[in-house]
Structures are given as structure tokens and as C-alpha cells.
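Numbering (this note's numbering), first residue to last: 1039 to 1219.
Below: the structure, in C-alpha cells.
Have a look at this one:
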């Protein structure tokens, strides 16, 4: 009796894991902004925290992907400068509660620390002035959040094959938006 219950339980767990793994997975499909006959290069966008996602190329956005798919890599025209709009995001993890309790002074210190950490957060759309890409090459565009408050914000384009940094663009975030340097 006990063996039958264990067999059914194991079978149920295996079936559920197959169903949920299948539902949670997606297929990546390349998308090209390059017209027929135009040489192209691919760019992948770093995900995570900090992370960056593609918004548009010179005002043109990606079409909606089919269910269960996502665009990747995205192919861009090579041999010309591009204006790529990206969305940069970084969120500090504030979990610095003191174990000691000094009353009002402790609370004020916690508030000041939290405000400073939140001041490092980035949640903005940025125009990336992409240099000419070499045809047939693959690149990664990453958002690097520097240390300090507010810290340097950089978009870094790296050629995948050589891991060579091709271009860096620094930007700062303020109440009115972002400012490139």
C-alpha cells in the first residue's frame, strides 16, 4: 500500500514538473531591423539587476512576439551609427535594519540610509548613441551601476568574440530625466 502511494506521488510530481517547466519556457527568435541585402550585427541586452532592455531603434519598436516566444538576438544594420532607445533599471535592496535599538536616533539613521540607497535607484529610458557595428559580429549591451551615491551609470557595448569593450556611454539620472556625458 505504501509503495503504491509513493509511486503515485512520484508520478504526480514528475508530471507537474513537466507541465510547469513546459509552460514556463519560451523560444527565442531572431529579429532583424536590417533590410534585405543590408549587412547586420546582433546585440543582446543584459537582463537582471542592473538590467537593460530594448525600446526602439530610431523610433521603430519591435512587433509583438508570438505567444511562447521572445525576440533574441536582435539584428541591427551594420556600418552606420544608430540611435537605440533602451530602458535601464537598477533597484537597491534595502534590508539594513540594525539589531540594536537606539530609539529615535536609530530610526533617523535608518531613514537617512534608506533615502541614500533609494537615491541610487535607476528606472529610466536612455538614448544610446551606438557606434558603427561590424557586420556579422555579436555584441552585448550592458548597464553598469557604479558604486557611490548616486554612482556612475554606464552603458557598455562589448564585442562577444573578443570580450573587447567597443564603446561606453555615461549618463546621470535626475528628476527631469537622464543626461548623457
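Here a beta-carbon is modelled for each residue, glycine too, at the ideal position from N, C-alpha and C.
Query, Result
"For residue 1191: DSSP bridge partner residues", "1183, 1209"
"Straight-line Cα distance separating residue 1115 from residue 1073", "8 angstroms"
"Span separating the alpha-carbon of residue 1190 from that of residue 1183", "6 angstroms"
"When 1066, 1125, 1181, 1169 are compared against residue 1005, the one with the closest alpha-carbon", "In the structure as shown, the chain starts at 1039 and stops at 1219, and residue 1005 therefore has no counterpart that could be examined."
"Straight-line Cα distance separating residue 1204 from residue 1126", "19 angstroms"
"Selection from 1088, 1081, 1076, 1206 that minimises the alpha carbon distance to residue 1068", "1081"
"Opposing strand residues paired with residue 1167 [DSSP bridges]", "1121"
"For residue 1075 and residue 1167, the rounded distance between their alpha carbons", "24 angstroms"
"Residue 1173 classed as buried or exposed, judged by whether at least 16 other C-beta atoms fall within 10 angstroms", "exposed"
"Opposing strand residues paired with residue 1112 [DSSP bridges]", "1069, 1081"
"Beta-carbon proximity check, residue 1170 vs residue 1192, cutoff 7 angstroms", "no"
"Through-space distance from residue 1162 to residue 1101, alpha-carbon basis", "22 angstroms"
"Residue 1128 burial status per 10 Å Cβ neighbour count (16 or more: buried)", "buried"
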